[in-house]
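Residue numbers (the working numbering), protein chains in the order written: chain A, 1 to 149; chain B, 150 to 298; chain C, 299 to 447; chain D, 448 to 596. This report refers to the structure that appears directly beneath it.
Number of protein chains: 4
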Amino acid sequence: MRENDEGQAEKRVRASFAKQGLMTTLGATIVDIAPGRVEIALEPAPAISQQHGFVHAGALSAIADSAAGYAALSLMHPGQGVLTTEFKINFLEPAAGNRIRAIGTVMKAGRTLTFAQAEVFAEADGRERLIAYFTATMMAVEGRAGIDD
Amino acid sequence: MRENDEGQAEKRVRASFAKQGLMTTLGATIVDIAPGRVEIALEPAPAISQQHGFVHAGALSAIADSAAGYAALSLMHPGQGVLTTEFKINFLEPAAGNRIRAIGTVMKAGRTLTFAQAEVFAEADGRERLIAYFTATMMAVEGRAGIDD
Amino acid sequence: MRENDEGQAEKRVRASFAKQGLMTTLGATIVDIAPGRVEIALEPAPAISQQHGFVHAGALSAIADSAAGYAALSLMHPGQGVLTTEFKINFLEPAAGNRIRAIGTVMKAGRTLTFAQAEVFAEADGRERLIAYFTATMMAVEGRAGIDD
Amino acid sequence: MRENDEGQAEKRVRASFAKQGLMTTLGATIVDIAPGRVEIALEPAPAISQQHGFVHAGALSAIADSAAGYAALSLMHPGQGVLTTEFKINFLEPAAGNRIRAIGTVMKAGRTLTFAQAEVFAEADGRERLIAYFTATMMAVEGRAGIDD
Numbered sequence: 001m002r003e004n005d006e007g008q009a010e011k012r013v014r015a016s017f018a019k020q021g022l023m024t025t026l027g028a029t030i031v032d033i034a035p036g037r038v039e040i041a042l043e044p045a046p047a048i049s050q051q052h053g054f055v056h057a058g059a060l061s062a063i064a065d066s067a068a069g070y071a072a073l074s075l076m077h078p079g080q081g082v083l084t085t086e087f088k089i090n091f092l093e094p095a096a097g098n099r100i101r102a103i104g105t106v107m108k109a110g111r112t113l114t115f116a117q118a119e120v121f122a123e124a125d126g127r128e129r130l131i132a133y134f135t136a137t138m139m140a141v142e143g144r145a146g147i148d149d
Numbered sequence: 150m151r152e153n154d155e156g157q158a159e160k161r162v163r164a165s166f167a168k169q170g171l172m173t174t175l176g177a178t179i180v181d182i183a184p185g186r187v188e189i190a191l192e193p194a195p196a197i198s199q200q201h202g203f204v205h206a207g208a209l210s211a212i213a214d215s216a217a218g219y220a221a222l223s224l225m226h227p228g229q230g231v232l233t234t235e236f237k238i239n240f241l242e243p244a245a246g247n248r249i250r251a252i253g254t255v256m257k258a259g260r261t262l263t264f265a266q267a268e269v270f271a272e273a274d275g276r277e278r279l280i281a282y283f284t285a286t287m288m289a290v291e292g293r294a295g296i297d298d
Numbered sequence: 299m300r301e302n303d304e305g306q307a308e309k310r311v312r313a314s315f316a317k318q319g320l321m322t323t324l325g326a327t328i329v330d331i332a333p334g335r336v337e338i339a340l341e342p343a344p345a346i347s348q349q350h351g352f353v354h355a356g357a358l359s360a361i362a363d364s365a366a367g368y369a370a371l372s373l374m375h376p377g378q379g380v381l382t383t384e385f386k387i388n389f390l391e392p393a394a395g396n397r398i399r400a401i402g403t404v405m406k407a408g409r410t411l412t413f414a415q416a417e418v419f420a421e422a423d424g425r426e427r428l429i430a431y432f433t434a435t436m437m438a439v440e441g442r443a444g445i446d447d
Numbered sequence: 448m449r450e451n452d453e454g455q456a457e458k459r460v461r462a463s464f465a466k467q468g469l470m471t472t473l474g475a476t477i478v479d480i481a482p483g484r485v486e487i488a489l490e491p492a493p494a495i496s497q498q499h500g501f502v503h504a505g506a507l508s509a510i511a512d513s514a515a516g517y518a519a520l521s522l523m524h525p526g527q528g529v530l531t532t533e534f535k536i537n538f539l540e541p542a543a544g545n546r547i548r549a550i551g552t553v554m555k556a557g558r559t560l561t562f563a564q565a566e567v568f569a570e571a572d573g574r575e576r577l578i579a580y581f582t583a584t585m586m587a588v589e590g591r592a593g594i595d596d
C-alpha cells in the first residue's frame, strides 16, 4: 500500500468513526490507524459500567467490534461498506483501570469475508493486561445505498 | 420455584440492573423478569448507532449480554454474582425499527457455569424479526467482595 | 417447497453425505432430511473417544457441522455448494450413552450466508439430554469447480 | 517450570493423548509438547474428508481442540483433568495439502478456566498457510472419578 493509500484509508476510517453515535456516547476515541490495524481507546467510567463497577462486556465488545471492523474497512475497495457478520469475545479478567485499548487486526482479507481479531487491554498501576480476546467475520457490502464505509 | 422466590429473583435482578451504568446510558429498560428468562428493550437512536445509522453491534451485544446474564443470575444462590466468561453473537439483519428486544434464556444452569442464549428482535412496520442470535457462558462467582449480584 | 423439491433436496444431501469420508470413518448416519432440517446419528465407541471415554468434542462438532451444513444446503439453489465459515459449540454435559443425535436447523437463509444451529442430544437410560449447542455461518459457493453440493 | 516439571507435563500429555481413540482413528500425532503449547499433525486423506475432498471441518476442530486442551492440561495441577467448555473456529481457507498442523497455546491460565487458542496450518507446495483459527475455554475438573488428565 502506498503512502497515499494509507492516507486515504485513514481519512475513510476517521470519517466513518465520526458517524458512529455509539462511540461518542461511550467516550471512545481512535488512537491509531494503519492498513489492516486500528486501535481504539476507552476510559472506564460509571456511565459504561456493569453492576460491580467494571466496564460492561457490551462496551468492551463495542470498541473491539469497531476496531476490528475498521481494520477490515481499511483494506476494502472504495464503494464497499463493512458489516459485522458475527463475533465471539472471551473475557479473561474484569475490566478496570485507567484506560482500555482495543487493537483490531485483519488476519485474512477475502473478497467478501474478512477474518479479524481484536485484543483488549486494560492499563492499571502502570501495567497493561490482556482482558478480552475477540474474533469476528466482517462482510464487504457493495452496491447497497448508504453502505459505503 | 415458589412465588416468593420469584419475587426475590425479580427484586435482585432489578436492583442489579439499576447499577449497570451502561444500560442507563444506552436507554435500555427491563421489560420482563421470570426465573431463567429476562427481557430487555432498547430504542434505536443516533446515540447508539454505527456509521450507516443502524443500531451498533456493541449496543445489541450489551443488551443481549445483560438479558442472558440476568437470566442466569435469576437462578443463582443468594451471595453469588454473575460474570460473563464468553459470548458469541451472529447478526442476521441490520438493526433498525422502532424497538429492539433481547430475550435471554438459561439453557443449562450448572454449579459454576451457566449456558444461556439471547434472541434479539427488531420491530418495524408492525412486524418483529429476529436480527441477532447470542450464546454465552456465564460464571457464578462466590466469596469475592463486591460481587454478589 | 413442493414434494418434488423435497425429494430433490433429500437426494442431493444423501449423495453429498455419502462423499464425506469422515462421516463413514466416525460411523455417523443420516436419520432424517427435511427442507432446512437435517438429523445425523452417531454411536459412542472407543474409536471416537477422548481420554476419559466420552465422545470427543471433535466428533460431536463433526456431526453438528454436517447436520447444520446439510440443513443449509437443502435450501440452496442447484449448482451452489456449501462451506462452513465458522462455528461455535458449547458443551453442556460429557457425551456418553447409547446414541448421539445432532439436529441441524436453518435459522436464516440469506443469499450468500446462512445462519444455522445444531442441537446435540445423548440418549442414556431411556432418556435424552441436550449435551451440546452449536451455531454456524454457512456460505453458498457458486461457480467454483467441484463445489456444487 | 523446571526441566523436571516439563518432562512430567510431556509424559502426562502423551499418556492422555494415547487414550483419545479419535486421534488414532483420524491418524493424528503429537509433534511437540512444551508447557502451555502443544502441536498436533494430521495427514489429509479421503477417510477424513468432507464432500469436496477437503479435510472435514470436524477433523480440523478435533485436532485444534486436542492441541488447545493439552496445552491447558500441561499447566494444570496433578489430579486435575481437562474438559472443553466451548470453542469457536473460523475457517479461512479450504483444508488441503500434504500436512495439517494445529498449534494450541494457552493465553490465560486461571484457577478453574483456561483460555487457549489454536492456529491450524496447511502445508502445500512447500508453503504453509493459516487455514483455521480456534479459541476455547477449557475447564480444570477436580475430584471427579476418572477425570485426572
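The beta-carbon is built from N, C-alpha and C at its ideal position, and this holds for glycine as well.
{"query": "Span of the alpha helix (DSSP H), counted from its first residue to its last, around Leu73 (chain A)", "result": "57 to 73"}
{"query": "Coarse secondary structure for Gln455 (chain D), derived from DSSP in three states", "result": "helix"}
{"query": "Separation of Ala68 (chain A) from Ala355 (chain C), as counted between CA atoms", "result": "29 Å"}
{"query": "Beta-carbon spacing of Ile361 (chain C), Ile338 (chain C) below 8 Å", "result": "yes"}
{"query": "Contact test: Asn537 (chain D) Cβ vs the ligand PLP heavy atom, cutoff 7 Å", "result": "With respect to small molecules bound, the structure shown includes none, and the ligand PLP cannot be examined in it."}
{"query": "Through-space distance from Pro46 (chain A) to Leu358 (chain C), alpha-carbon basis", "result": "43 Å"}
{"query": "Status (buried if at least 16 other CB within 10 Å, exposed otherwise) for Arg14 (chain A)", "result": "exposed"}
{"query": "Given 8 Å, three or more beta-carbon pairs between the region 273 to 288 of chain B and the region 454 to 473 of chain D", "result": "no"}
{"query": "Outcome for Arg101 (chain A) when other beta-carbon atoms lying within 10 angstroms are tallied against a minimum of 16", "result": "buried"}
{"query": "Proximity below 8 Å, CB of Ser165 (chain B) to CB of Leu224 (chain B)", "result": "no"}
{"query": "8 Å contact criterion, which Glu570 (chain D) and Asn545 (chain D) should meet: CB distance rounded", "result": "5 Å"}
{"query": "Interface residues of the region 262 to 278 of chain B facing chain C [CB-CB below 7 Å]", "result": "Phe264"}
{"query": "Interface positions of the region 211 to 238 of chain B facing chain D (Cβ-Cβ less than 7 Å), listed along the chain", "result": "Thr234, Glu235, Lys237"}
{"query": "Residue environment, Ala95 (chain A), which counts as buried when at least 16 other CB atoms sit within 10 Å", "result": "buried"}
{"query": "Neighbour flag for Glu286 (chain B) against chain D, beta carbons, 8 Å", "result": "A small correction: the amino acid at residue 286 (chain B) is Thr; Glu does not occupy that position in the sequence shown. Thr286 (chain B) counts as touching chain D."}
{"query": "Near-chain B residues of the region 304 to 321 of chain C - C-beta to any C-beta below 9 Å", "result": "none"}
{"query": "Beta-carbon spacing of Leu469 (chain D), Ile495 (chain D) below 8 Å", "result": "no"}
{"query": "Beta carbon of Ala518 (chain D) nearer than 8 Å to that of Gly551 (chain D)", "result": "yes"}
{"query": "Host beta strand (DSSP E) of Thr561 (chain D) (start-end)", "result": "560 to 571"}
{"query": "Assumed close pair Glu291 (chain B), Gln229 (chain B) - CB separation to whole angstroms, cut-off 8 Å", "result": "5 Å"}
{"query": "C-alpha gap between Met138 (chain A) and Asp452 (chain D), whole angstroms", "result": "42 Å"}
{"query": "Cutoff 8 Å: Ile252 (chain B) Cβ touching any chain A Cβ", "result": "no"}
{"query": "Cutoff 8 Å: Lys340 (chain C) Cβ touching any chain B Cβ", "result": "With the sequence shown as reference, residue 340 (chain C) is identified as Leu, and Lys is not the correct amino acid for it. Not one chain B Cβ lies under 8 Å of Leu340 (chain C)."}
{"query": "Test: Leu539 (chain D) CB closer than 8 Å to a CB of chain A", "result": "yes"}
{"query": "Cβ-based burial, Met448 (chain D) [other Cβ within 10 Å; buried from 16]", "result": "Caution applies to Met448 (chain D), whose pLDDT of 49 falls short of 50 and renders its modelled position unreliable; the value that the coordinates give is listed next. Classification for Met448 (chain D): exposed."}
{"query": "Whether Val231 (chain B) touches Ala289 (chain B) by CB criterion (8 Å)", "result": "yes"}
{"query": "Which listed residue (C:Leu340, C:Gly351, C:Ala326, C:Lys317) has its alpha carbon closest to that of Asp596 (chain D)", "result": "C:Gly351"}
{"query": "Where Met374 (chain C) falls: helix, strand or coil (DSSP)", "result": "coil"}
{"query": "Contact with chain D by Pro344 (chain C), beta-carbon distance below 8 Å", "result": "yes"}
{"query": "8 Å Cβ cutoff met for Gln266 (chain B) and Ser215 (chain B)", "result": "no"}
{"query": "Which residues DSSP lists as bridging Val485 (chain D), in chain order", "result": "D:Ile480, D:Gly551"}
{"query": "Under 8 Å by beta carbon: chain C residues contacting Ala401 (chain D)", "result": "No answer is possible for residue 401 (chain D): it lies beyond the span of chain D, which begins at 448 and ends at 596."}
{"query": "Where Gly441 (chain C) sits in the DSSP three-state scheme", "result": "coil"}
{"query": "Cβ-Cβ distance between Val180 (chain B) and Pro193 (chain B) below 8 Å", "result": "no"}
{"query": "Neighbour-count burial assignment, Ala28 (chain A), 16 or more Cβ in a 10 Å radius", "result": "buried"}
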